[in-house]
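Notes for the one structure printed next.
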Amino acid sequence: MNILNYKLDTINELLTSRIGLITLAHTIRVLDLSKTIDQRFPASGSNCAFKASTFN
């Protein structure tokens, strides 16, 4: 398992609602989730469609 080297500092500011995104991004990268999504979801019939893993 790859462990990212993050250092957290103590501050007196409120945490934002996006604080968990770094954990989610790390999990997605470690599990190679975009590859799994592309394998599980069928390809679109259109020649100009995006892959399921790149859909926003």
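The sequence shown begins at -16 in my numbering and counts up by one.
Even glycine gets a Cβ: it sits at the ideal position worked out from N, Cα and C.
Model, not experiment: these values are computed from the prediction.
In the DSSP assignment, find the unbroken alpha helix (DSSP H) run with residue i in it and report its ends.
i     : result
Ser17 : 16 to 23
Which class does residue i belong to by DSSP, given the choice of helix, strand or coil?
i       : result
Thr(-7) : coil
Ala41   : The structure shown does not extend to residue 41, since the chain is modelled only from -16 to 39, so the question has no answer here.
Ala32   : coil
Arg12   : helix
So which of the options has the shortest CA-CA distance to residue i?
i        : options                           : result
Asn(-12) : Phe33, Pro25, His9, Cys31         : His9
Asp21    : Phe33, Thr(-7), Asn(-5)           : Phe33
Ser17    : Lys(-10), Thr(-7), Asn(-5), Ser36 : Ser36
Ile(-14) : Asp(-8), Ile5, Asn(-5)            : Ile5
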